[in-house]
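Encoded as structure tokens, the structure appears first; notes follow it.
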């Protein structure tokens, strides 16, 4: 029994070490992490769905990002909703970015372990989640600006692609 | 003449301010109507109504009824030309909806339809914006969107390439 416990402990340490190394490598390439958090997961179709979006600097260096977190293809955040069959239920949010890359006040510096966040809210029926059932929601972040257009060092630009958040499951009830 | 509804969940003075700004933005579009083609005017007129709301986080045009749902924050944008070009951009989405263009999925050329529709709407807004004499910095914002879109740059390490569909025999 003791031998088995020691084996489990050693195996656990090895796995943890490998995961930590993998995590470190990802963070070095990609200092930003996107997550969504919700207190409530069950809604009636007549209610207003809410969750928070957090963009966290998990790296070791400061990162500059665009300071406005709006929802739309031409903004910073894209909302994705899938129904239980996996079909995308597109809400078509379309905020636009009304800022110039030359306006440095439009950008914020995220120190390591700091985050920028926003809250999302919308009536359930505006999200095309009218039918009772389960829905999966996730968010993607992308910069509306190219790093080459912004005169700031360590700017997270469009070139860095999209960051995907965790997926949250919601249930719509009658 | 597009109908405007403003939420009564905000102060009366705010409602008045928003109404004045929207009227001014629409007047600006109407003032330049002579410079537009009949197709452009038809596209702009596709918008059924503008609802100003504070219960939704983002602006959108509802594909089910072609109503522009605008946040109070956008309606109160200090630059009038931004408001005008946003209405023009969104009206083109209403026109795309009228023509039955897809917003979901991927097109036959492998491009994401949502992004394509956005780029088309921004291209339309740039053309109309120039014709009716909106400010250059406002047009420039949309010009970037019209040309490049805001999708990920090809080859980005964080983006998986699109999977080609297997041909069925």
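Chains as they are written, first to last, in the numbering used here: chain A, 47 to 220; chain B, 28 to 196. Here a beta-carbon is modelled for each residue, glycine too, at the ideal position from N, C-alpha and C. Computed from a prediction, not measured in an experiment: that's the story for all the values here.
Item: Does the CB of residue 92/B have a neighbour CB from chain A at under 7 Å?; Value: no
Item: Suppose the cutoff is 7 Å on Cβ atoms and the five residues either side in sequence are ignored; what does the same chain contact list for residue 60/B look like?; Value: 68
Item: Alpha carbons only, please: which of 30/B, 124/B, 168/B is nearest the one belonging to residue 200/B?; Value: Within the shown structure, residues of chain B are numbered from 28 to 196, placing residue 200/B beyond reach of any answer.
Item: Hey, how far is the Cα of residue 69/A from the Cα of residue 212/A?; Value: Any answer about residue 69/A is weak, because its pLDDT of 35 lies below 50 and its placement is not dependable; what the coordinates show is given next. The alpha-carbon atoms of residue 69/A and residue 212/A are separated by roughly 16 Å.
Item: Considering just the uninterrupted stretch of the beta strand (DSSP E) at residue 102/A, what are its terminal residues?; Value: 94-103
Item: Quick check on residue 115/A: buried or exposed, where buried means 16 or more other Cβ atoms within 10 Å of its Cβ?; Value: buried
Item: Is there at least one Cβ from chain A nearer than 7 Å to residue 127/B's Cβ?; Value: no
Item: Count the other CB atoms, across all protein chains shown, that sit within 10 Å of the CB of residue 43/B; report buried if there are 16 or more and exposed otherwise.; Value: exposed
Item: Does DSSP put residue 168/B in a helix, in a strand, or in coil?; Value: helix
Item: Name, in chain order, the residues that DSSP records as bridge partners for residue 33/B.; Value: 79/B
Item: If residue 108/B and residue 161/B are in contact, beta carbons under 8 Å, what's the gap, nearest whole angstrom?; Value: 4 Å
Item: Can you give me, in chain order, the residues of the stretch 156-173 of chain A that have a beta carbon less than 9 Å from any beta carbon in chain B?; Value: 164, 165, 166, 167, 168, 169, 172
Item: Rank 53/B, 64/B, 57/B by C-alpha distance to the C-alpha of residue 77/B and give the top, closest one.; Value: 53/B
Item: Thinking C-alpha only, which one of 191/A, 144/A, 102/A is nearest residue 101/B?; Value: 144/A
Item: Taking just the CA atoms, how far does residue 153/A sit from residue 189/A?; Value: 11 Å
Item: Taking C-beta pairs closer than 8 Å, name the residues in chain A that residue 23/B reaches, listed in chain order.; Value: A query on residue 23/B cannot be resolved here, the shown segment of chain B reaching from 28 to 196 and no further.
Item: Against chain B, does residue 69/A count as a neighbour if the rule is that its beta carbon must be under 7 Å from one of theirs?; Value: Low confidence applies here, because residue 69/A scores a pLDDT of 35, under 50, leaving its location unreliable; read the following figure in that light. Answer no: the Cβ-Cβ gap between residue 69/A and chain B never drops below 7 Å.
Item: Counting only the same chain and skipping the five closest in sequence on each side, list residues whose C-beta sits under 8 Å from that of residue 163/A.; Value: 98, 99, 100, 101, 115
Item: Assuming residue 156/B contacts residue 171/B under a Cβ cut-off of 8 Å, what Cβ separation, rounded to an integer in Å, is found between them?; Value: Actually they are not in contact, since the Cβ atoms of residue 156/B and residue 171/B sit about 13 Å apart, beyond 8 Å.
Item: Report the option in 194/A, 168/A, 204/A whose CA atom is closest to the CA atom of residue 91/A.; Value: 168/A
Item: With burial defined as no fewer than 16 other Cβ atoms inside 10 Å of the residue's Cβ, what is the status of residue 113/B: buried or exposed?; Value: buried
Item: Quick one: what's got a C-beta closer than 6 Å to residue 148/B's C-beta in the same chain, skipping five residues either side?; Value: 116, 119, 120
Item: Below 6 Å CB to CB, which residues in the same chain sit around residue 174/B once its five sequence neighbours on both sides are set aside?; Value: none
Item: Throw me the rounded Cβ distance for the residue 142/B and residue 119/A pair, which I believe falls under 8 Å.; Value: 6 Å
Item: Tell me which residues share the same chain as residue 99/B and place their Cβ nearer than 8 Å to its Cβ, disregarding the 5 neighbours each side in the sequence.; Value: 34, 37, 41, 45, 79, 80, 81
Item: Taking DSSP as the reference, what is the three-state secondary structure of residue 182/A?; Value: strand
Item: Can you list the residues of chain A that residue 130/B reaches, using a CB-CB cut of under 7 Å?; Value: 136, 138
Item: Drop a sphere of 10 angstroms on the beta-carbon of residue 157/A, count the other beta-carbons inside from all chains shown, and report buried for 16 or more, exposed for fewer.; Value: exposed
Item: What in chain A is Cβ-close to residue 119/B, meaning under 9 Å?; Value: Near residue 119/B there are no residues of chain A at all, since even the closest Cβ is about 11 Å away, more than 9 Å.
Item: Quick one: list the residues of chain B neighbouring residue 142/A, beta-carbon separation under 9 Å, in chain order.; Value: 86, 101, 109, 112, 113, 116, 149, 168, 169, 172
Item: What does a CB cutoff of less than 8 Å around residue 111/A pick up in its chain, not counting 5 residues either side in sequence?; Value: 78, 101, 153, 154, 156, 162, 189, 201, 202
Item: For residue 89/B, which option in 220/A, 208/A, 135/A has the closest C-alpha, if you only look at C-alpha atoms?; Value: 135/A
Item: Does residue 67/A pass the burial test, meaning 16 or more other C-beta atoms within 10 Å, or should it be called exposed?; Value: Bear in mind that the predicted position of residue 67/A carries a pLDDT of just 37, short of 50, making it unreliable; the figure below should be weighed with that in mind. Exposed, since its Cβ has fewer than 16 Cβ neighbours within 10 Å.
Item: When the cut-off is 7 Å and only beta carbons count, does residue 142/B lie next to chain A?; Value: yes
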